[in-house]
Amino acid sequence: MVKGPGLYTEIGKKARDLLYRDHNSDQKFSITTYSPAGVAITSSGTKKGDVLLGDVAFQSKQKNVTTDLKVCTDSTVLITATVDEAAPGLKSIFSFKAPDQNSGKIEVQYLHDYAGISTSMGLTQNPTVNFSGVIGTNVLAVGTDVSFDTKSGNFTKINAGLSFAKEDLIASLTVNEKFDLLNASYYHIVNPVFNTAVGAEVSHRFSNKDNTITVGTQHSLDPLTSVKARVNSAGIASALIQHEWKPKSFFTISGEVDTKAIDKNAKVGLALALKP
Numbered sequence: 004m005v006k007g008p009g010l011y012t013e014i015g016k017k018a019r020d021l022l023y024r025d026h027n028s029d030q031k032f033s034i035t036t037y038s039p040a041g042v043a044i045t046s047s048g049t050k051k052g053d054v055l056l057g058d059v060a061f062q063s064k065q066k067n068v069t070t071d072l073k074v075c076t077d078s079t080v081l082i083t084a085t086v087d088e089a090a091p092g093l094k095s096i097f098s099f100k101a102p103d104q105n106s107g108k109i110e111v112q113y114l115h116d117y118a119g120i121s122t123s124m125g126l127t128q129n130p131t132v133n134f135s136g137v138i139g140t141n142v143l144a145v146g147t148d149v150s151f152d153t154k155s156g157n158f159t160k161i162n163a164g165l166s167f168a169k170e171d172l173i174a175s176l177t178v179n180e181k182f183d184l185l186n187a188s189y190y191h192i193v194n195p196v197f198n199t200a201v202g203a204e205v206s207h208r209f210s211n212k213d214n215t216i217t218v219g220t221q222h223s224l225d226p227l228t229s230v231k232a233r234v235n236s237a238g239i240a241s242a243l244i245q246h247e248w249k250p251k252s253f254f255t256i257s258g259e260v261d262t263k264a265i266d267k268n269a270k271v272g273l274a275l276a277l278k279p
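Positions 4 to 279 (this note's numbering) are the ones given, in order, by the sequence shown.
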């Protein structure tokens, strides 16, 4: 198991990845190449209906500094610089999205055996400040995630979470959106040899008393091919099969159907990721 409680974003992440990661109804592709200087160049495209979105990303690593540059079809440029291990357990991240002059942000992360802290703020006159902190161990951890708008003087985000982990299961409980949304999730490894696992998430919104239950599973057919499936209380069922036909290159086909309206067309998604 990983040493330390990790960051707040990792609470419930295993269950979320099992239930939602790689499930899509769009057509996606990405191709990664490397220049002679070692710069990774990734071209990506996503077709949503009749709309085609794309971007080209460049990544360069020099010692403990990683620089990312992404150019998107909406004429924006995202620049991110990450300094890893400037001090033991410390990571600094600076990001800026042109031409938005108010998009600059700096983030500092610190990981300790018994704590994980992340704080960020916008580089504007009246920035929004975000703080998340987790204390505990890799078995039991509790944390909070809050954002404060210095211009209005209000908290724009108040979240809290609890995580419990053993060798083969992870359970978490979070209260989000200023205590309006309660999420409970569960992830259990059934057979580690075949990467077989089950997961579930229960959500309750206090404002309208709406409840959503999602359950799913994953299984490896062979070392290179895996399948996943999920269904929620609204009757939406999804499944996918993913094949790693060469190291770090994946082909994924996924489908989604409304079991309460079989006459509607099923949604089919394709994703192709190529890396040398």
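Beta carbons are placed, not taken as given, at the ideal position from N, Cα and C, and that holds for glycine.
Cβ-based neighbour list, P250, same chain, cut-off 8 Å, excluding 5 preceding and 5 following: Here residue 250 corresponds to residue number 247 of the sequence shown, with the count starting at 1. Exclusion of the five residues before and after P250 leaves K278 as the residues of its chain whose Cβ lies within less than 8 Å of its Cβ.
When S229, L126, S166 are compared against G7, the one with the closest alpha-carbon: By one-based count along the sequence shown, residue 7 stands at place 4. Comparing Cα-Cα distances from G7 to each of S229, L126, S166, the minimum goes to S166.
Distance, T177 Cα to S121 Cα: To locate residue 121, count along the sequence shown from 1; it is residue 118. To locate residue 177, count along the sequence shown from 1; it is residue 174. One C-alpha to the other measures close to 18 Å.
Contact between the region 74 to 84 and the region 38 to 47 (3+ Cβ pairs under 8 Å): No: fewer than three Cβ pairs fall under 8 Å.
Y37: first and last residue of the uninterrupted beta strand (DSSP E) it sits in: The residue you call residue 37 lines up with position 34 of the sequence shown. 30 to 37 is the extent of the beta strand (DSSP E) around Y37.
Top-ranked residue by Cα proximity to A118, from H207, L227, L10: For the purposes of this step, residue 118 is taken as residue 115 along the sequence shown, with counting starting at 1. Residue L10 is the option with its Cα nearest to A118.
Straight-line gap, L81 to A101 (C-alpha atoms, nearest Å): For the purposes of this step, residue 81 is identified with residue 78 of the sequence shown, where counting begins at 1. For the purposes of this step, residue 101 is identified with residue 98 of the sequence shown, where counting begins at 1. Rounded to the nearest angstrom, the two C-alpha atoms are 6 Å apart.
Local conformation of M4 per DSSP, three classes: Here residue 4 is taken as the residue at index 1 of the sequence shown, counted from 1. Unreliable positioning characterises M4 in this predicted model, as indicated by a pLDDT of 49, which lies under 50. The coordinate reading is nonetheless provided below. The three-state reading of DSSP puts M4 in coil, since its state is none of H, G, I, E or B.
Separation of K154 from L243, as counted between CA atoms: Walking along the sequence shown from the start, residue 243 turns up at place 240. Walking along the sequence shown from the start, residue 154 turns up at place 151. Their backbone Cα atoms lie some 45 Å apart in a straight line.
Per-residue burial, S135 [other beta carbons within 10 Å of its own, 16 or more giving buried]: As a working mapping, residue 135 is identified with position 132 in the sequence shown. Burial call: buried.
Neighbour-count burial assignment, D171, 16 or more Cβ in a 10 Å radius: On the sequence shown, residue 171 is found 168 positions in, with the first residue counted as 1. Exposed, because fewer than 16 other Cβ atoms sit within 10 Å of the Cβ of D171.
Backbone secondary structure at F197 - three-state DSSP: Working through the sequence shown from its first residue, we reach residue 197 at position 194. Reduced to three states, the DSSP call for F197 is helix.
Proximity to H191 [Cα-Cα], best of I96, Q221, G156: In the sequence shown, the residue the question calls residue 191 occupies position 188. Residue Q221 is the option with its Cα nearest to H191.
Neighbour-count burial assignment, P91, 16 or more Cβ in a 10 Å radius: Taking the first residue of the sequence shown as 1, we reach residue 91 at position 88. Exposed is the call here.
For T79, three-class secondary structure by DSSP: Within the sequence shown, numbered from 1, the residue matching residue 79 stands at position 76. In the three-state DSSP reduction, T79 falls in the coil class, being neither helix nor strand.
Cα-Cα separation between T217 and A168, rounded to whole angstroms: Locating residue 217 in the sequence shown gives position 214, where the first residue counts as 1. Locating residue 168 in the sequence shown gives position 165, where the first residue counts as 1. When the Cα atoms are used, T217 and A168 turn out to be separated by approximately 20 Å.
Start and end residues, alpha helix (DSSP H) containing Y23: Against the sequence shown, residue 23 aligns to sequence position 20. The continuous alpha helix (DSSP H) containing Y23 extends over residues 16 to 23.
Spatial distance of G148 from G107 (CA atoms): Numbered from its first residue, the sequence shown carries residue 148 at position 145. Numbered from its first residue, the sequence shown carries residue 107 at position 104. For the sequence presented, residue 148 should be read as Asp rather than Gly. The straight-line gap from Cα to Cα measures roughly 20 Å.
Buried/exposed call for I265, threshold 16 Cβ in 10 Å: Here the question's residue 265 lines up with position 262 in the sequence shown. Exposed: under 16 other Cβ atoms inside 10 Å.
Meets three-Cβ-pair contact criterion under 8 Å: the region 229 to 242 and the region 15 to 30: Counting C-beta pairs closer than 8 Å gives three or more between the region 229 to 242 and the region 15 to 30, which meets the contact rule.
Span separating the alpha-carbon of V68 from that of A84: If you number the sequence shown from 1, residue 68 lands on position 65. If you number the sequence shown from 1, residue 84 lands on position 81. So the alpha carbons of these two residues sit roughly 7 Å apart.
6 Å Cβ shell around N105 - same chain, five flanking residues per side excluded: Mapped onto the sequence shown, residue 105 falls at position 102. The beta carbon of N105 is closer than 6 Å to those of T127 in its chain, skipping five residues each way along the sequence.
K278 - DSSP class collapsed to helix/strand/coil: Locating residue 278 in the sequence shown gives position 275, counting from the first residue. Here K278 sits in coil by DSSP.
Whether S206 touches L224 by CB criterion (8 Å): Here the question's residue 206 lines up with position 203 in the sequence shown. Here the question's residue 224 lines up with position 221 in the sequence shown. Judged by their CB atoms, S206 and L224 are not nearer to each other than the 8 Å cut-off.
Reduced DSSP secondary structure (H/G/I, E/B, other) of Y11: The residue given as residue 11 occupies position 8 in the sequence shown. Three-state DSSP puts Y11 in a helix.
Residue burial classification, N157 (beta-carbon count within 10 angstroms, cutoff 16): The residue labelled residue 157 in the question sits at position 154 within the sequence shown. Within a 10 Å sphere around the beta-carbon of N157 sit fewer than 16 other beta-carbons, which makes this residue exposed.
For I161, the three-state DSSP class (helix, strand or coil): Translated into positions along the sequence shown, residue 161 becomes position 158. Note: I161 maps to strand in three-state DSSP.
Cα-Cα separation between V271 and H115, rounded to whole angstroms: Counted from its first residue, the sequence shown places residue 271 at position 268. Counted from its first residue, the sequence shown places residue 115 at position 112. Between V271 and H115, the C-alpha separation is close to 43 Å.
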